[in-house]
C-alpha cells in the first residue's frame, strides 16, 4: 500500500515537474534575452555597439529549469512529510563525527604544507596554496580570539580589528625601532636584533593589545548589546584614524615598511652560509620562510584554541559563559562582573594582537588600509556563522568564507565573451556571496553551523547540550 | 537574638522618584521573615537594595554587624548572603549541573560534591534533570534550581524574591515546604518577598507589609494574617 502510493505520486510528479521546468526555462529565456542577452556598450570611438550574451541567458534558463525541477521532486512534492528522517540520520552522523573533528582538523592543518607541495608538484609552485593556508589560518585564529569575547562572554565587539591593528603596529614600531636595535645589539652582540626581533616583539605586541583591551574595557563596562557594539565600532575607527593622522609615529597612510623578516629561532632564512638552508643542508629556497610562517600561525592558532579550552574549564571561563546568559544572576552569585568582562576583553584582544604581529611579520609592511571596519565585519561573520562559542564551527566557517572568497578569483571561465565578458571581475561579487551565505545559514541554522556544545564540565560522562529550545541569537 | 540583617531609614531612588521612603526592617538569625505588598510597592527594590543594585542613597544596611550599604554587589554576596532573584534568572543555556557549579563558584567548589548530594535530597527532580539545559526545565523546576543554586554557596541568609511567581499551587506548596525544612533543620535565615501573602505569612515567623515604599505594618506571621487590613488588601479570595 505504502509503496503503491509513493509510486503513484512519483508518476504524477515527474511529468508535472518536467512540464513546469520547461515552461519556466522558456519564460526565463524570453524575459532575460532583452535584459541580459543584449548589451549596449560604448565603443572606444564613441558609438554604441551591441554585444550578444545568449550563452549567459541560456545558463540562467538552465539554472531556473534545474532548480524548479529539483524543487518539484523534493520540497514541493505532494504529500511530502516535513521534518525529516534524513535529517535525523544526518544528525546522528554528525554526532559520531564530532569528536573526530578536532584531531582531523589539526592533523590536516599540520600535514597541509606537505599535501600542498605534493599537489602542486614542487616546492616553488606550492606557494599559492601555502599562502592561502596562512591567510585562512590567520582568520581562524582571529575568529577564535573574537570567539572568546563574543561567543563565550557574549560581548558584541564590532571593533575587533582595532586590537589586530594595535598588535600589528606595536610589532612594526618595535621591530623597526632604531634605538632599541642599537641598545640590544650593543649589549648582546651585533645582529642580535635582526635574529630575534620577531620572537621578542611577538609577546610584547600581544600584551600591548591586551592592555588596549583593558583600556577599552573600562569605559564600556556599563554597556551591553547594541550600545556596546556601537562603542566598539567607534573604537575600531578611532584606532584607524589615529594611525592615519599621527604621522610622526606611524608614518600615516604610507605605513611602515622594511619590518625585519621572521627567523627560524634566530637563524635567518637567507641564502648565506649562516642561513637556514645552509645550516640544515638544504638547497636554498624562498619557500622555507613561507612554510615556516605557516607553522607559526598554526601554532599561534592552536595556542588560542588551547587557551580557550583551558579557560572555559576554569572559573573565569564559566563566569564568562554565565555572564553571557544573565548578568544580574551572575552578580547575585557573587561574581565580579566588572573583572569578568575586562578579562574577556583583554584576553580576546591579546590573541588579536598576536595575529596582528604575525600579519606584520608576514607582509613586512603595515598601513592603516589593512585595518578597516570590513575586517571586523568579516571576523564577526566568521564567529556568527560558525556558531558562537563553537571552535570547530568557527574554523569551518573561516575556511568556507575566506577559502570561498579566494575561489571566486579562480572563476576565470566566466570572463568568456559569451558569458559575462572580459571586464567581469568575480571577486567584486564576494561580498554579495558573503551576504547570501549569511542569510542562508541564518535561515537554516539560526544558531550557526555547529550549534550544540558539550557541557563544559561534567559529572561522570559527557552529555551533549542541544541547541534547541533556546532563544535564538541570545549570545 | 541579634539581628542578622537590619535596615535603618533606607531610601532608594530611581532617578528622582523615591522608591523606598525610609525602610526600617530586621531579620534575626534563624528566622523566616516575609515581606508582602502589592505590585509596585517596592518589594523587589528593597530586595535589590540589600544587594547593592540599586544602592541605597540614605540609611544603613547592616549584615552581621557590618555596614554593607556601600559595598559593591559581588562583595555583598560574598558575605554569605545568597539570593534567588525575581524571575529565577537561571542560566538557560547551561546545564543544571553547570548552574549549580556557578552557585558554588564563590568557594571554588570546596564542598561541592557534598552540597550537590544535599541538593539532590532536597530536590530529587534536579538529579533527574542534571544534564539538561536550564532553559528546558519547567517553571517549578527552574525555581528549584534557582534556590538550589543559591544554597550551593552555603549562605547564612537566603533572600528569596517571589519564589511562587507563575507556579501551580501544588508546586508552590512544595517550594514553601522546602523553605520551612531548611529553616527548621538547618536553622537557615530566610528573607522572603512574596505576593502570595497567605502562604508566605503562614510560613513566616514575622512579617512586614510594604505600601508605597514604606513599612506600614509589622508583626508575627499569624498576627498579620488575622488583621482585617491585611485580610482586606492582600488575602481577598486568596485563602
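Chains as they are written, first to last, in our numbering: chain A, 22 to 496; chain B, 64 to 302.
Every residue gets a Cβ at the ideal spot worked out from N, C-alpha and C, and that includes glycine.
Within 7 Å, strictly: CB atoms of residue i and residue j
i	j	result
residue 297 of chain B	residue 95 of chain B	no
residue 283 of chain B	residue 269 of chain B	yes
residue 322 of chain A	residue 161 of chain A	yes
residue 87 of chain B	residue 71 of chain B	yes
residue 83 of chain B	residue 276 of chain B	yes
residue 336 of chain A	residue 168 of chain B	yes
residue 108 of chain B	residue 132 of chain B	no
residue 53 of chain A	residue 81 of chain A	yes
residue 246 of chain B	residue 253 of chain B	yes
residue 116 of chain B	residue 89 of chain B	no
residue 369 of chain A	residue 170 of chain A	yes
residue 98 of chain A	residue 42 of chain A	no
residue 127 of chain A	residue 378 of chain A	no
residue 319 of chain A	residue 130 of chain A	yes
residue 360 of chain A	residue 235 of chain A	no
residue 253 of chain A	residue 178 of chain A	yes
residue 260 of chain B	residue 271 of chain B	no
residue 143 of chain B	residue 219 of chain B	yes
Best match in the options for proximity to residue i [C-alpha to C-alpha]
i	options	result
residue 265 of chain A	A/387, A/224 and A/368	A/387
residue 187 of chain A	A/227, A/144 and A/289	A/227
residue 167 of chain A	A/417, A/275 and A/371	A/371
residue 239 of chain A	A/129, A/276, A/310 and A/366	A/366
residue 21 of chain A	A/152, A/215, A/413 and A/340	Since the first and last residues shown for chain A are 22 and 496, residue 21 of chain A lies out of range.
residue 214 of chain B	B/132, B/288 and B/170	B/170
residue 424 of chain A	A/82, A/141 and A/156	A/156
residue 55 of chain A	A/334, A/44 and A/72	A/72
residue 37 of chain A	A/145, A/91, A/452 and A/51	A/91
residue 93 of chain A	A/74, A/201 and A/34	A/34
residue 338 of chain A	A/410, A/78, A/122 and A/455	A/410
residue 373 of chain A	A/362, A/356, A/360 and A/392	A/392
residue 240 of chain B	B/185, B/289 and B/259	B/185
residue 307 of chain A	A/147, A/198 and A/79	A/147
residue 164 of chain A	A/403, A/51, A/460 and A/178	A/403
residue 458 of chain A	A/430, A/449, A/333 and A/418	A/418
residue 258 of chain A	A/45, A/215, A/235 and A/389	A/389
residue 222 of chain A	A/40, A/65, A/471 and A/196	A/196
residue 226 of chain B	B/274, B/211 and B/286	B/211
residue 215 of chain A	A/199, A/261, A/83 and A/87	A/199
Sequence-distant residues of the same chain with beta carbon closer than 7 Å to residue i, five excluded per side
i	result
residue 250 of chain B	93
residue 256 of chain A	180, 183 and 237
residue 358 of chain A	344, 348, 351 and 352
residue 211 of chain A	none
residue 179 of chain B	163
residue 208 of chain B	153, 159, 162, 189, 197 and 200
8 Å contact criterion, which residue i and residue j should meet: CB distance rounded
i	j	result
residue 328 of chain A	residue 185 of chain A	Not a contact, Cβ separation roughly 17 Å.
residue 224 of chain B	residue 135 of chain B	Going by Cβ atoms, the distance from residue 224 of chain B to residue 135 of chain B rounds to 20 Å, so no, they are not a contact pair.
residue 206 of chain B	residue 222 of chain B	Not really, about 14 Å apart at Cβ, beyond 8 Å.
residue 385 of chain A	residue 282 of chain A	6 Å
residue 195 of chain B	residue 159 of chain B	6 Å
residue 78 of chain A	residue 57 of chain A	5 Å
residue 288 of chain B	residue 264 of chain B	5 Å
residue 266 of chain B	residue 97 of chain B	7 Å
residue 277 of chain A	residue 194 of chain A	7 Å
residue 220 of chain A	residue 286 of chain A	7 Å
residue 45 of chain A	residue 83 of chain A	Rounded, the Cβ-Cβ distance is 11 Å, inconsistent with contact.
Cβ neighbours of residue i in the same chain (closer than 8 Å, five flanking residues each side left out)
i	result
residue 24 of chain A	Because the pLDDT at residue 24 of chain A is just 44, under 50, the model does not fix this residue reliably, and the point stays unresolved.
residue 315 of chain A	133, 134, 151, 154, 155 and 158
residue 354 of chain A	343
residue 156 of chain B	196, 197 and 198
residue 193 of chain B	158, 159 and 160
residue 416 of chain A	126, 161, 164, 165 and 407
Contacting residues, own chain, Cβ-Cβ under 6 Å from residue i (five flanking each side not counted)
i	result
residue 310 of chain A	290
residue 203 of chain B	230 and 234
residue 105 of chain A	Low local confidence applies: a pLDDT of 49 at residue 105 of chain A is under 50, so the model's placement there is unreliable, and no value is given.
residue 478 of chain A	Here the model assigns residue 478 of chain A a pLDDT of 47, short of 50, so the residue's position is not dependable, and the following value carries that caveat. No residues qualify anywhere along the chain.
residue 294 of chain B	none
Stretch-stretch touch, CB-based, cutoff 8 Å, three pairs: the region 109-126 of chain B with the region 153-166 of chain B: Touching, no.
**Item:** Any 3 or more C-beta pairs closer than 8 Å across the region 161-178 of chain A and the region 334-354 of chain A
**Value:** At 8 Å Cβ cutoff, the stretches touch.
*Below 8 Å, can you find three or more Cβ-Cβ pairs linking the region 191-205 of chain A to the region 237-247 of chain A?*
Touching, no, given that fewer than three Cβ pairs across the two stretches are closer than 8 Å.
Original post:
Per the contact definition of three or more C-beta pairs closer than 8 Å, is the region 289-304 of chain A in contact with the region 126-141 of chain A?
Top reply: No, the region 126-141 of chain A is not in contact with the region 289-304 of chain A.
- Task: Would you be able to state if there are at least three C-beta pairs under 8 Å between the region 180-193 of chain B and the region 149-157 of chain B?
- Result: No: the two stretches stay apart, fewer than three of their Cβ pairs being nearer than 8 Å.
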